[in-house]
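To start, the structure itself, in structure tokens.
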Amino acid sequence: MSRRMNFRHLGVLVIVLALFAAACGDDDSTTTTEGTTTTAAAGFTPGPLGAVTVAPGAPIEIRALQAISGEVAFLGTDQVRGIELAIQDFGQVAGHDVSLGTPEDDLCSAEGGQAGAQAIVAQANVVGVIGTTCSGAAAAAAPIFSAAGMVLISGSNTSPSLTSDLAGTAGSNYYAGYYRTAHNDLYQGATAARFAYEELGLTTAAGIHDGDPYTEGLVTAFANAFTELGGTVTVHAVNKGDTDMTGVLTQVAADAPEFVYFPIFQPEGDFIIQQKGGIAGLEDVVWMGADGLITDGFLALPESEGVYFSGPDLRFGTNASATGTNYEDLVAAYSAAYGEAPIAAFHAHTYDATVLLLTKIMEVAVQDADGTLHIDRQALRDALTATSGFAGVTGTLACDAFGDCGAQTISVILDEDPTDVAAAKANVVYSFAPNA
Amino acid sequence: MASRALPKLKLNADGPTLAVEVFLFALRVLLVFFATWALVGTIALQVDGQGLTATAWRDLIVGGLAQGSMYGLIALGYSMVYGVLGFINFAHGEVFMAGSMAGFFVADGLFNSGMWENAFPLAFAIVLLTATVTSALVAVIIERVAYRPLRGAPRLIPLITSIGMSFFVQYAVKGLVGDGFKNYPQLPAGLQDRIGLFGLDIEVIKFFVIVTAVVSMFALWLFVERSRTGRAMRAVAEDKEIAALMGIDVNRIIVTTFAVGGAMAGVAGVLWAMLFRKVYFLTGFLPGIKAFTAAVLGGIGNLVGAMLGGVTLGLIETSGPTMLNGLAWEVPTVVAFAVAALAVATAVVGVIRLRKSDPRTVGSALGMLVVGAAGAIWGFVVLPGAQVVIPGTSQLKDMIAFVVLIGVLMIRPIGLLGERLAVEERG
């Protein structure tokens, strides 16, 4: 009996080891597409991550992993449209069509990002993925794509943890093969700090976040930049769902700041700005929110008069993509194709991400005489990382070693008249461009 | 002190196990220890000049009273229904939200007609009336369709039904008015100012909220204690069958209980909207849970307890995070050694009680031993010079409030003022 038990244990051990080996061996198991043989063409040797072989007449497969359902569906749908327009504008890549397949849903969550990534890496012929919509989904998806040798390029992730602290240290969720054309939140935090310290001449500040990685990251970036400039900062926090802000505002008042940065969302942002009047010591404070509060509802609150907001500057002017398209053309094409004006803010970034991916595929692809295309995965990553001076709709893209490629200018607006929301949105008082 | 309230330990299969007793004892001591540390630390920092200013404490306490009196008003509904029917009406938070939502539409209309600005007292009275009537109606309808058919069913059944009703009301309101926030009109200028009262410079609106809540609570108390219906209500709470034999229409009394509890929630709904100016279909959820907590904290079924529980919860919520900063107090060596000495003494008492080998005290004795040993190490090694800095304490306000609640209930399971339950519940 006991002997049989031992054998059984041994069997389990063998299975576990086999699974482990299979998991570790994932990297080199995705080297070819179905329908093609593994024989490498003369003159082409796959790199350490393997290569995708595209048979003559077959399309190059890329995928979208975006939030296309639920409350944030408009964000992901907007980006899927950006990808489709880019593929259409770019045309064929070395004589092959580009196929987007069916967009996967990142559900704007870690679970969604993971499930979507697994569904995509199961298709070994996929070269690269445009996504995700939400940073939380990317944190779960990036390691899976990285292990599979694929590249993931996002047009809207802004969490610093996905790339780096911009000072040479990789973020906790950075994985090789991750790139983005959106801005790193650190730029936004730094812009807010520069504006407060250099433009307004204030030296004491407080930050309020709501525990969300986005808002916490922004406050941390702001605090670090502000301290570096020579100011002092205290950090406070609320919870999503809080209504009574007496406690936190009293604590903020106790630190006697001249400037408060609260890059949170509605309705907590409303409660803070509406209840600040009831707290002694906050009468002369300058308040600044972030893009989460640049909404018609918040800007129209009587209390938001005199409040500043940091956010990405979406006035792209006449910047033209490598496809020759500028933002005006893009909006026209968008409206013509989908029958409505752009429904969210990141379609141009995703357009740039797609054009960047296709350009780099074209750059590294090796073509056989019969039209067979070999795309080396490592070479593609190297080419993406080496991006500099790349013309995009959003500006000039340049990638750093951790995948930050964004050209996004960050601007500060001032709400001077809550009865005129459009004027407030256009009232830019300060700008800061990362690549400038 | 804590050990007196310990349930008697039964070392048999039915009773709690020894390990559980030891754990619970240690947990009680830890809660008391940290609460004391935070309190002493806050006072010490205050004396040292590092604490909040007097005006800041005033803002915290006034804010806590305003928030807490609204919890108290909602808690009354939980407590009354529990007293009469013996189950938690989880849909009560939605009754509160329904009143607030109905009030919004009237307030918005009055604002557009200019009455809100020009004749605010009258406009407020109309909004208040709309909200209380709506809430009372919703509560009565919920009772009629969801709870009366289940009268006599095991108590878990109406409990689950009430959770279902809660979702139903939430999403019915969402379907009717949409899922966006409804913004109450801004208060007239006078109410946003501060006034000097009793030497304190407090916000008119918070004062107004507190006064309205207190007046409503007092009216309810008079109703329950002094009126015929109130007496009948207490009789039904005491024993439904006997009350019926005495000629009391039990169904009518139960409907009245729901209506009155709902009306109180309606008052809270309007006050909530005055203070926070936003309402949407999920507005009732968190205040509902907190008010239920307040009812338990004060002693479920006990009306004065519900009010006291609400105010206590409100105060803990606003000032708790600041008190937590008291943990950052750099403990003087003498205090650390005093803690260590106390811990050693506790351990010694534990050993003595252990030697008596009375099975009922073994749990607490072992607990004292464990806590004493840990406390001695803590006092001698960790505490001197220790400094704890907790960032973003405001984020922990709900956690602090619930830890205090658990602490109170562990030491005093019947709540601050004790439960008032019907005869059959006590058995």
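So the sequence lines, in the order shown, correspond to chains A and B. For what it's worth, our numbering labels the leading residue of the first sequence as 20, then goes sequentially. For what it's worth, our numbering labels the leading residue of the second sequence as 6, then goes sequentially. Just so it is clear, CB atoms sit at the ideal spot from N, CA and C, and this is done for glycine as well.
- Using a CB distance cut-off of 9 Å, D113 (chain B) does not count as an interface residue toward chain A.
- According to DSSP, K283 (chain B) shares a beta bridge with B:N188.
- Along the length of the region 195-282 of chain B, whole alpha helix (DSSP H) runs at least 4 residues long occupy 209-231, 233-243, 245-250 and 255-281, reported in chain order.
- Excluding sequence positions up to five before and after G289 (chain B), its CB lies within less than 6 Å of the CB of G98, E99, F101 and M102, all in the same chain and listed in chain order.
- Each residue's CA atom was taken as its position, placing E123 (chain A) and S88 (chain A) some 10 Å apart.
- Closest by C-alpha distance to A405 (chain A), out of A:T391, A:I394 and A:V383, is A:V383.
- Under the 10 Å beta carbon count, I163 (chain A) is surrounded by 16 or more other beta carbons and is classified as buried.
- Interface annotation, D261 (chain A): in contact with chain B, CB-CB separation under 9 Å.
- Closer than 9 Å to the CB of L268 (chain A) there is at least one CB belonging to chain B.
- Collapsing the DSSP output to three states places W306 (chain A) in a strand.
- Using a CB distance below 7 Å, the part of the region 182-193 of chain B facing chain A consists of F186 and Q191, ordered along the chain.
- By the Cβ-count criterion, T121 (chain A) is exposed, with fewer than 16 other Cβ atoms from all chains shown falling within 10 Å of its own Cβ.
- When the alpha-carbon of A278 (chain B) is set against those of B:A49, B:F92 and B:V132, the nearest one is in B:V132.
- In the DSSP assignment, E26 (chain B) falls outside any beta strand (DSSP E) and lies within the alpha helix (DSSP H) extending over L23 to V52.
- Taking C-beta atoms under 8 Å as the contact rule, S183 (chain A) and A201 (chain A) fail to qualify, at a distance of about 14 Å.
- Secondary structure note for H393 (chain A): its beta strand (DSSP E) is the uninterrupted segment L392 to D395.
- Approximately 26 Å separates the beta-carbon atoms of F214 (chain A) and V412 (chain A); this is outside 8 Å, ruling out the contact.
- Neighbours of D289 (chain A) across chain B, judged by C-beta separation under 7 Å: K283.
- Distance between P326 (chain B) and D113 (chain B), taken at the CA atoms: about 36 Å.
- The beta carbon of L94 (chain A) sits closer than 6 Å to the beta carbons of A86, T152 and A363 from its chain, once the five residues preceding and following it are set aside; these are given in chain order.
- Residue pairing by DSSP places F278 (chain A) opposite A:A224 and A:V305 in a beta bridge.
- The three-state secondary structure of P179 (chain A), taken from DSSP, is helix.
- Cβ contact annotation for V284 (chain B) (same chain, cutoff 6 Å, sequence separation greater than five): S105, M106, F109, K187 and A278, in chain order.
- The residue among B:F203, B:V336, B:A341 and B:L374 with its C-alpha nearest the C-alpha of V354 (chain B) is B:L374.
- At a C-beta separation below 7 Å, N258 (chain A) has these neighbours in chain B: Q400 and D403.
- A350 (chain B) has its alpha-carbon roughly 42 Å from the corresponding atom of Y76 (chain B).
- Proximity of chain A to T217 (chain B) at the Cβ level (cut-off 8 Å) is not reached, the minimal Cβ distance being about 17 Å.
- Rounded to whole angstroms, the gap between the alpha carbons of K295 (chain A) and D303 (chain A) is 11 Å.
- The beta carbons of P276 (chain A) and T223 (chain A) sit about 5 Å from each other, so the pair counts as a contact at 8 Å.
- Across the region 245-257 of chain A, CB contacts with chain B closer than 7 Å involve V254, H255, A256 and V257, in sequence order along the chain.
- Taking a C-beta cut-off of 9 Å against chain A, the contacting residues of the region 64-91 of chain B are D64, L65, V67, G68, G69, A71 and Q72, listed in chain order.
- Proximity of the region 407-423 of chain A to the region 238-250 of chain A falls short of the contact definition, fewer than three beta-carbon pairs being nearer than 8 Å.
- Of all residues in the region 40-66 of chain B, only G56, L57, T58, T60, A61, W62, R63, D64 and L65 come within less than 9 Å of chain A when Cβ atoms are compared, listed by chain position.
- Pairing V440 (chain A) with D332 (chain A) gives a Cβ-Cβ distance that is not under 9 Å.
- One finds D64 in chain B with Cβ atoms closer than 7 Å to the Cβ of I298 (chain A), taken in chain order.
- Listed as beta-bridge partners of E123 (chain A) by DSSP are A:L84.
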